[in-house]
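Sequential numbering of the sequence shown, starting at 6, is according to the working numbering.
By construction, the Cβ of each residue, glycine as well, lies at the ideal position given by its N, Cα and C atoms.
Structure, as structure tokens:
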Amino acid sequence: MPYEPTTASPTPPARYGDPVFYPTAVQPPVMLPAELPPGVEMVTLPGGIRTLAYTQPATTPAAPVAAQPIPAWAKTTALLAPTIGGGIAAAGFGISYAAPGLIAMTEALWAAIALITAGVIAPALLRTTRRTGRGSAQVQNITQNISASGMFGRASGTFNQR
């Protein structure tokens, strides 16, 4: 048989939540202080356990830098920034007041474009639908005459077909 029989473990398998016990005879490998990489030190935790930990290198405070005068271009920029911001705010305020008028003007322009388009397209459509020659119906002219006497007089009229 290719498989060897296994022997039973002397301790039952650990379940989730059970504490894990390590045998005291087995010691974890110990590193010598010379083997520790830079930034790693042996520390003692509050529970008394010693372990390796990364530490932050102690930095020395930098010497204070002497105050330098502020350049002229920085002063000019600092003084212009509120002016430019105020101008942008005023422009936005003006646009917000002008928006209803601009909307009305765009609607009027669209109406004008529609009127011009209808004025150009309608005669072209009428010319193409009008028939001439044999088989076309005769054109009838109808005139209407309406007359009324007085401000509240009754109107009367006649139709004349020619």
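Ignoring anything shorter than 3 residues, give me the beta strand (DSSP E) runs that lie fully in the segment 48–104, in order along the chain.
Here the runs fully enclosed are 55–59.
Quick check on the DSSP output: what are the complete beta strand (DSSP E) runs of length 3 or more inside the segment 106–134, in order along the chain?
Complete beta strand (DSSP E) runs here, min 3: none at all.
Could you tell me how far apart the beta carbons of Phe164 and Ile147 are, in whole angstroms, since I believe they sit closer than 8 Å?
Counting from 1 along the sequence shown, the entry for residue 164 is found at position 159. Counting from 1 along the sequence shown, the entry for residue 147 is found at position 142. Separation of the CB atoms of Phe164 and Ile147 is rounded to 6 Å, and the pair is thereby assigned contact status at 8 Å.
Between Gln149 and Gly158, is the Cβ-Cβ spacing less than 8 Å?
Locating residue 149 in the sequence shown gives position 144, where the first residue counts as 1. Locating residue 158 in the sequence shown gives position 153, where the first residue counts as 1. Contact flag unset, no.
Taking a contact to mean a Cβ-Cβ separation below 8 Å, would you say Thr56 touches Val45 in this structure?
As a working note, residue 56 is residue 51 in the sequence shown. As a working note, residue 45 is residue 40 in the sequence shown. It is not a contact, given that the beta carbons lie outside the stated cut-off.
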